[in-house]
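Engineer:
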Amino acid sequence: ALRCGQISRIDYQKSLLELLGREGLEEALAPEIAEAMASHAQLELLRRHVNECRHTVLLYRVDESEAHPPHEHFNMISTQVVVRGSIHLREYQRVDREDGDHVRMRLVRDALLGPGDVFEASEWERNVHWFSAEGGPALIFNINARGYEPSTFPNAHEPGFGRLYVDPTRYDHEGLVHGEEISPQVAKERFGMRPLSAFPVPEKALARTETGGTTLCLKQTRVPLQVL
1 ALRCGQISRI DYQKSLLELL GREGLEEALA PEIAEAMASH AQLELLRRHV
51 NECRHTVLLY RVDESEAHPP HEHFNMISTQ VVVRGSIHLR EYQRVDREDG
101 DHVRMRLVRD ALLGPGDVFE ASEWERNVHW FSAEGGPALI FNINARGYEP
151 STFPNAHEPG FGRLYVDPTR YDHEGLVHGE EISPQVAKER FGMRPLSAFP
201 VPEKALARTE TGGTTLCLKQ TRVPLQVL
């Protein structure tokens, strides 16, 4: 339905959250969660390709103090749920492209997430994020759909379905971020094993962030049928 335009991106992500909330990830995926927590590799649960579109469902572990450096996505819709542990997350909304390798952004969320907490991304909403595990390893459930967006953010060149790493640590006097796109190697060296707290956020930028978020119950919430 998403590929054929029968459902919008917003409704697609909303329906995913409703489904995940009903099924209860802890119970539905108990063996897979145990396997993924014991492994240091991501556990792929589903991969489906239809022409240029890709749909992937996976679990991945984030080790304590490990950071996923700040990055953009190209033509990807993702819904992620923290299953175990705590994640320090920062999300950014892209405003515009300043030049070939600089993107102006707004920090929209800086929060500590726990089990059941959700973070989402799409081409035009909260496309950029950065996160690390806090106080121990964490596990994240991820559903991502690539190639489904009808329009994409302007890029100097088409980046494919991989990540575009960006340094979001330069702020202007209004609290907006002037991000510089960087190589994977530089991103890993600069951010890979450092907590987000090592990169303070100015008060003006924090004042523009949003509070709250979506939290799912990880236990099954379907009401059993009653026999009359």
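In the working numbering, the protein residues as written are 1 to 228. C-beta atoms are modelled at their ideal positions from N, C-alpha and C, and glycine is treated no differently.
#1: With the cut-off set at 8 Å, would you say R94 and V103 are in Cβ contact?
#2: Give the secondary structure of S8 by DSSP, where H, G and I count as helix, E and B as strand, and everything else as coil.
#3: Should S78 go down as buried or exposed, given a rule of 16 or more other Cβ atoms within 10 Å for buried?
#4: Could you give the distance in angstroms between the alpha-carbon of P115 and the alpha-carbon of V82?
#5: For V57, I'd like the list of residues in its chain whose CB is within less than 6 Å of its CB, leaving aside the five on either flank, ordered along the chain.
#6: According to DSSP, which residues form a beta bridge with D172?
#7: Buried or exposed for D96, please, with buried defined as at least 16 other CB atoms from any protein chain shown within 10 angstroms of its CB.
#8: Taking the alpha helix (DSSP H) that L206 falls in, what are its first and last residues?
#9: Under 8 Å Cβ to Cβ from P224, same chain only, skipping five residues before and after it: list those, please.
#10: Do M76 and R146 have their C-beta atoms within less than 8 Å of each other?
#11: Between A187, D11, F119 and Y12, which has its C-alpha nearest H71's C-alpha?
Structural biologist: Taking the coordinates as given:
#1: For this step, residue 94 is matched to residue 94 along the sequence shown. For this step, residue 103 is matched to residue 103 along the sequence shown. With a cutoff of 8 Å on beta-carbon distance, R94 and V103 are scored as near each other.
#2: If you number the sequence shown from 1, residue 8 lands on position 8. Of the three classes helix, strand and coil, the one that applies to S8 here is coil, per DSSP.
#3: Residue 78 sits at position 78 when you count from the first residue of the sequence shown. Classification of S78: buried, given that the 10 Å Cβ count is 16 or more.
#4: For the purposes of this step, residue 115 is taken as the residue at position 115 of the sequence shown. For the purposes of this step, residue 82 is taken as the residue at position 82 of the sequence shown. Those two C-alpha atoms are separated by around 5 Å.
#5: Locating residue 57 in the sequence shown gives position 57, where the first residue counts as 1. Same-chain partners within the cutoff: L45, L46 and I143.
#6: Here the question's residue 172 lines up with position 172 in the sequence shown. Per DSSP, none; premise fails for D172.
#7: Along the sequence shown, read from residue 1 onward, the residue named residue 96 stands at position 96. Around the Cβ of D96, a 10 Å sphere holds fewer than 16 other Cβ atoms; the residue is exposed.
#8: Taking the first residue of the sequence shown as 1, we reach residue 206 at position 206. It spans E203 to L206 - the alpha helix (DSSP H) in which L206 sits, taken as one unbroken run.
#9: Counting from 1 along the sequence shown, the entry for residue 224 is found at position 224. Note that P224 scores a pLDDT of 48, beneath 50, so its modelled location is shaky; the value from the coordinates is reported in the next line. Within the same chain, P224 has no close Cβ partners at all.
#10: The residue labelled residue 76 in the question sits at position 76 within the sequence shown. The residue labelled residue 146 in the question sits at position 146 within the sequence shown. Against a cut-off of 8 Å, the Cβ pair of R146 and M76 comes out as a contact.
#11: Numbered from 1 along the sequence shown, position 71 holds the residue referred to as residue 71. Scanning A187, D11, F119 and Y12 for the CA closest to the CA of H71 turns up A187.
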